[in-house]
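Enquirer:
Number of protein chains: 2
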Amino acid sequence: MTDKTHSKTDHTSLITELATAGRLAQRKLARATDAEKADGLRAAAKVIRADAAAILAANEKDMDAGRANGLTGALLDRLKLDEDRLEAIACAIENVASLPDPVGEVIDSRTSPSGFGLERVRIPIGLIGIIYESRPNVTADAAALCLRSGNAALLRGGSEAIHSNRALHAAFTKGLAEVGLPEKAIQLMPTQDREAVGAMLKAAGLVDMIVPRGGKGLVARVQQDARVPVLAHLDGICHTYIHADANPDMAREIAVNAKMRRTGICGAMETLLIDANFPAGESVLAAIADAGCELRGDDRAQKLDSRVKTATSEDWDTEYLDAILAVSVVDDIDGAMEHIAAHSSGHTEAIITDSDDAASRFLGEVDSAIVMHNASTQFADGGEFGLGAEIGIATGRLHARGPVALEGLTTYKWQVKGSGQARP
Amino acid sequence: MTDKTHSKTDHTSLITELATAGRLAQRKLARATDAEKADGLRAAAKVIRADAAAILAANEKDMDAGRANGLTGALLDRLKLDEDRLEAIACAIENVASLPDPVGEVIDSRTSPSGFGLERVRIPIGLIGIIYESRPNVTADAAALCLRSGNAALLRGGSEAIHSNRALHAAFTKGLAEVGLPEKAIQLMPTQDREAVGAMLKAAGLVDMIVPRGGKGLVARVQQDARVPVLAHLDGICHTYIHADANPDMAREIAVNAKMRRTGICGAMETLLIDANFPAGESVLAAIADAGCELRGDDRAQKLDSRVKTATSEDWDTEYLDAILAVSVVDDIDGAMEHIAAHSSGHTEAIITDSDDAASRFLGEVDSAIVMHNASTQFADGGEFGLGAEIGIATGRLHARGPVALEGLTTYKWQVKGSGQARP
């Protein structure tokens, strides 16, 4: 497989060809049992372990190219595979194999007014396009989740990881073939041409859903250009509201954790809202500042700690992904919810309070994918939610919201079980 | 309210203004209880009855204009309101009021690995755009379903029904106001400019979902131009497969019903697949032809009845919505499923058989929104499924498939109930 330059027509026909092969493989995969799919994943993990030397050699090529191209240390670290990371990839595939198969689950069951049986049954979505950046583990993670849920995948990873991705993909599909599952269920885009990605994003009817995995630039581009439904989140501007009746120790511990545990994840708190009647605002801000976080706040926040810099209007709409926090003092829960309605990205918001009434109003009225009471927004994660593994976090309104795991990779059909009914 | 010609910028700002008002009203509506929403609908029905004279006078204006513009009898009939039809509209609203409120339903409930409670709770989607043609009853039906599920609606009906729609909309929102619900929750587009529809279709982030209700031309245009998710079906190319082990009497009765009960609905059978080993193909085709249906078939179908004309390749992909049926004789269930995979529009397919194995394979492997065993495809309808009322039938893969009723007008959020958890 080598990269070629294709014309626009070529890209469209390439995607048509790949999608047609993927859809055909998916129809076979849809007939596979729970056990067959689990076996396929375990076989894939085994081949990845067996072919470790080849995969690591391929990764070394990417690392060499990355160093030659002047990739930053952080990017090189994302790209790098070693024995431990490869073992983690194999274990993650085995973990997905051990998750319950969502396909075939009966969502509901009823008898129609005219007496036939009706069941809604979970089925795979079809062919899912995954567009990602430099982390080669996504090749295996996304392939495993799609396969577990009976979907075909068309993977398009970053150019800097091309050799690693090809090696991982080859090992993964070799595992599938060993147990008789269709290799074409998991395809890797054979070219890195950007125009092929464009054709994929426009392939409505051929590709059923696109999941972009990567930075904001990638997600924004995909959302902008796609004619295929996209499951994603663009921003994680997560708020924590410390209510007047919050326990001060809990508020401090959760606020520091929500901001500082890992600042670079989408569930990290970006704005802290402090109720004007919360008595311990000073100690909360001091703890966050002491942990090494820059604070930017409004007038009232600045009165709570001298280290609070003046926030500009941009700060309320910024996902820092860094040790920076916007802080606003709000009059009451209505003020907090107004602020959230105006500035939230719909990802995750939390209230800290000992008042059940306040918690109930906040959880009921705040309209984000995840709303939390007395917990750190850093828990916004499929694994932490007990879903096993996630394909991503979605902030759209339709289909699936919040952490999207195997169930979010399914749809349903209606099965009618009649006994000869004709409609009067 | 008069129609004005707007520039492109004007249309975008008009939609922004309407959507902003609608979203604000929706936030209020989201806090309304089940009983308050039901009361609002009952009040709307009452005002429609009380204002019948004004609504019928408005409808008479539309009818006059329709006659002057040379609308066909069928179109005039769709447009027409009278006492009985208005009463049916009021009853339909009351029926929606009596349906269970989907909002607040806990979809699932679990404890996370780190010990916090997790619930997925149904919530409204937000602001839903409804684009429809000449039937004024859609104004009330769609408004009622959106309101019942806590959604705001932006309605855009056909120009030929403008006076009827305005009168119905005025009565409906008067009812909402009487019980203190926000009138702006249900808005009617104040202009009939096509460009305003275009702006609505592109208002991603302001309008959450578009439901087109009308003919194929309307749906295709909406699907083509929308950047907002669309819930719809374009075609209903429904198949019935008569398996070798079908009961001949049942097969005949269901086939005649599936085609001829009403030929113009999306659930009408358009293609009949007869197993080569089914012994009574002649009698089934004779019954359909005797009922006044034109038959177009392949060689083997032509051998079963001399009235079968030669089908062209187009016939397998045509939604006739008329007394015409495509007929193919297939070798076996695999042949039937191959034909369906190649030509189905993903709406509804049925198998007639006494074999549980064949039924189970067909229901399992055919990938349409609705799959049926021993029943007429004409049952493909939310009311017949016991869902109360439907906003439409969807053939897409995501969010909701088949008959879409109140549940399909909701999404969910995750509610986390912690006790001070910080993520390790």
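Residue numbers (our numbering), protein chains in the order written: chain A, 6 to 429; chain B, 6 to 429. All residues carry an ideal CB built from backbone N, CA and C; glycine is no exception.
Alpha carbon to alpha carbon, what distance is there between G203/A and D230/A?
Expert: Your numbering for residue 230/A matches position 225 in the first sequence. Your numbering for residue 203/A matches position 198 in the first sequence. Rounded to whole angstroms, D230/A to G203/A spans 7 Å at the Cα level.
Enquirer: Kindly indicate which three-state DSSP category P408/B falls into: helix, strand or coil?
Expert: For the purposes of this step, residue 408/B is taken as residue 403 along the second sequence, with counting starting at 1. DSSP places P408/B in strand when its eight states are reduced to three.
Enquirer: Tell me which residues of the region 200-221 of chain B have at least one Cβ-Cβ distance to chain A shorter than 9 Å, keeping chain order.
Expert: A209, D213, M214
Enquirer: Which full runs of the alpha helix (DSSP H) of 4+ residues lie inside the region 13-61 of chain A, going along the chain?
Expert: 13-34, 39-55
Enquirer: Please report the straight-line C-alpha distance between N379/A and L278/A, rounded to a whole angstrom.
Expert: Taking the first residue of the first sequence as position 1, residue 379/A is located at position 374. Taking the first residue of the first sequence as position 1, residue 278/A is located at position 273. N379/A and L278/A: Cα-Cα distance of roughly 14 Å.
Enquirer: On the three-state DSSP scale, how would you describe P129/B?
Expert: Along the second sequence, one-based indexing puts residue 129/B at 124. Three-state DSSP puts P129/B in a strand.
Enquirer: Taking the runs of the beta strand (DSSP E) that are 3 residues or longer, which of them lie wholly in the region 255-326 of chain B?
Expert: 274-280, 299-302, 313-315
Enquirer: Distance check for A328/A and L186/A, CA to CA, integer angstroms please.
Expert: To locate residue 186/A, count along the first sequence from 1; it is residue 181. To locate residue 328/A, count along the first sequence from 1; it is residue 323. The straight-line gap from Cα to Cα measures roughly 47 Å.
Enquirer: At least one CB of chain B closer than 7 Å to the CB of M377/A: is that the case?
Expert: Residue numbering aside, residue 377/A sits at position 372 when the first sequence is read from its first letter. True, the Cβ-Cβ gap to chain B drops below 7 Å.
Enquirer: Taking the alpha-carbon positions, what's the V335/B to A399/B distance?
Expert: On the second sequence, residue 335/B is found 330 positions in, with the first residue counted as 1. On the second sequence, residue 399/B is found 394 positions in, with the first residue counted as 1. If I take the Cα positions, the gap works out to 28 Å.
Enquirer: Counting only beta-carbon atoms, is D8/A nearer than 7 Å to chain B?
Expert: Position 3 of the first sequence holds residue 8/A. Bear in mind that a pLDDT of 46 at D8/A, under 50, signals an unreliable position, so the number given afterwards is only what the model happens to contain. For D8/A, the nearest beta carbon of chain B is not closer than 7 Å to its own beta carbon.
Enquirer: Counting only C-beta atoms, is I293/B closer than 7 Å to chain A at any point?
Expert: Residue mapping note: residue 293/B aligns to position 288 of the second sequence, counting from 1. For I293/B, the answer is no, since every Cβ of chain A falls outside 7 Å of its Cβ.
Enquirer: What residues in its chain sit with their C-beta under 7 Å from that of I345/A, if we drop five residues either side in the sequence?
Expert: Locating residue 345/A in the first sequence gives position 340, where the first residue counts as 1. Closer than 7 Å at the Cβ level, and outside the excluded window around I345/A, lie H244, E354, V371.
Enquirer: Would DSSP call P118/A helix, strand or coil?
Expert: Looking up residue 118/A in the first sequence gives position 113. Coil, per DSSP.
Enquirer: What's the C-alpha gap between S373/B and A285/B?
Expert: As a first step, residue 373/B is located in the second sequence; it is residue number 368 there, counting from the start. As a first step, residue 285/B is located in the second sequence; it is residue number 280 there, counting from the start. In a straight line, the C-alpha of S373/B is about 27 Å away from that of A285/B.
Enquirer: Please compile the residues from chain B whose C-beta is within a distance smaller than 8 Å of the C-beta of R428/A.
Expert: As a working note, residue 428/A is residue 423 in the first sequence. Ordered by position in chain B, the residues that pass the 8 Å Cβ test against R428/A are N262, R266, S381, Q383, F384, E389.
Enquirer: Using 10 angstroms around the beta-carbon of L19/B, count the other beta-carbons present and answer buried if the total reaches 16, otherwise exposed.
Expert: As a working mapping, residue 19/B is identified with position 14 in the second sequence. So L19/B ends up on the buried side.
Enquirer: Considering just the uninterrupted stretch of the alpha helix (DSSP H) at K221/B, what are its terminal residues?
Expert: Looking up residue 221/B in the second sequence gives position 216. Unbroken alpha helix (DSSP H) run through K221/B: 221-230.
Enquirer: Is it the case that the Cβ atoms of R125/A and D106/A are separated by a distance below 7 Å?
Expert: To locate residue 125/A, count along the first sequence from 1; it is residue 120. To locate residue 106/A, count along the first sequence from 1; it is residue 101. No, the pair does not count as a contact, with Cβ atoms beyond the cut-off.
Enquirer: Answer yes or no: does any C-beta atom of chain A fall closer than 7 Å to that of E22/B?
Expert: If you number the second sequence from 1, residue 22/B lands on position 17. No, E22/B does not count as interfacial toward chain A.
Enquirer: Just the C-alpha distance for L150/B and M194/A, rounded to the nearest angstrom, thanks.
Expert: The sequence position of residue 150/B within the second sequence is 145, counting from 1. The sequence position of residue 194/A within the first sequence is 189, counting from 1. So the alpha carbons of these two residues sit roughly 43 Å apart.
Enquirer: Quick check on R127/B: buried or exposed, where buried means 16 or more other Cβ atoms within 10 Å of its Cβ?
Expert: For the purposes of this step, residue 127/B is taken as residue 122 along the second sequence, with counting starting at 1. Looking at its Cβ environment, which holds 16 or more other Cβ atoms inside 10 Å, R127/B is buried.
Enquirer: Closer than 8 Å is the cut-off here; do at least three beta carbon pairs connect the region 213-228 of chain B with the region 133-141 of chain B?
Expert: yes
Enquirer: For D250/B, collect the residues of the same chain with a Cβ closer than 7 Å to its Cβ; drop the 5 residues on either side in sequence, then sort them by chain order.
Expert: By one-based count along the second sequence, residue 250/B stands at place 245. Closer than 7 Å at the Cβ level, and outside the excluded window around D250/B, lie T358, D359, S360, A363.
Enquirer: Along chain A, which residues have their Cβ under 7 Å away from the Cβ of R36/B?
Expert: As a first step, residue 36/B is located in the second sequence; it is residue number 31 there, counting from the start. In chain order: E370.
Enquirer: For Q31/B, tell me which candidate among R406/B, Y417/B, N156/B has the shortest Cα-Cα distance.
Expert: In the second sequence, counting from the first residue as 1, residue 31/B sits at position 26. It is N156/B.
Enquirer: Can you tell which of E389/A, V409/A, G397/A, T25/A has its C-alpha closest to the C-alpha of A190/A?
Expert: Within the first sequence, the letter at position 185 stands for residue 190/A. That would be T25/A, whose Cα lies nearest to the Cα of A190/A.
Enquirer: Using a Cβ-Cβ cut-off of less than 8 Å, list which residues of the region 245-258 of chain A approach chain B; keep chain order.
Expert: Here the close residues are N252, M255, E258.
Enquirer: Starting from M377/A, follow the beta strand (DSSP E) in both directions and report where the run begins and ends.
Expert: What you label residue 377/A is simply residue 372 of the first sequence in a count that begins at 1. 375-380 is the extent of the beta strand (DSSP E) around M377/A.
Enquirer: Please name the residue in E110/B, A59/B, T38/B whose C-alpha comes closest to that of K418/B.
Expert: In the second sequence, residue 418/B corresponds to position 413, counting from 1. Among E110/B, A59/B, T38/B, the Cα nearest to that of K418/B belongs to E110/B.
Enquirer: If distances are taken between C-alpha atoms only, which option among V376/B, G401/B, L403/B comes closest to F390/B?
Expert: Locating residue 390/B in the second sequence gives position 385, where the first residue counts as 1. Comparing Cα-Cα distances from F390/B to each of V376/B, G401/B, L403/B, the minimum goes to V376/B.
Enquirer: At what residues does the alpha helix (DSSP H) containing S169/A begin and finish?
Expert: Stepping through the first sequence from its first residue, residue 169/A is reached at position 164. Residues 167-183.
Enquirer: Between the beta-carbon of S169/B and the beta-carbon of N64/B, is there less than 7 Å?
Expert: If you number the second sequence from 1, residue 169/B lands on position 164. If you number the second sequence from 1, residue 64/B lands on position 59. Result yes, Cβ atoms of S169/B and N64/B sit closer than 7 Å.
Enquirer: Determine the DSSP secondary structure at T77/B, reduced to helix, strand or coil.
Expert: Residue 77/B sits at position 72 when you count from the first residue of the second sequence. Coil.
Enquirer: Would you please verify whether the beta carbon of S288/A is less than 7 Å from any beta carbon of chain B?
Expert: Translated into the one-based positions of the first sequence, residue 288/A becomes position 283. Chain B, which has no Cβ nearer than 7 Å to the Cβ of S288/A, makes this no.
Enquirer: If you draw a straight line from the C-alpha of L300/A to the C-alpha of D82/A, how long is it?
Expert: In the first sequence, the residue the question calls residue 300/A occupies position 295. In the first sequence, the residue the question calls residue 82/A occupies position 77. Approximately 29 Å, taken between the alpha carbons.
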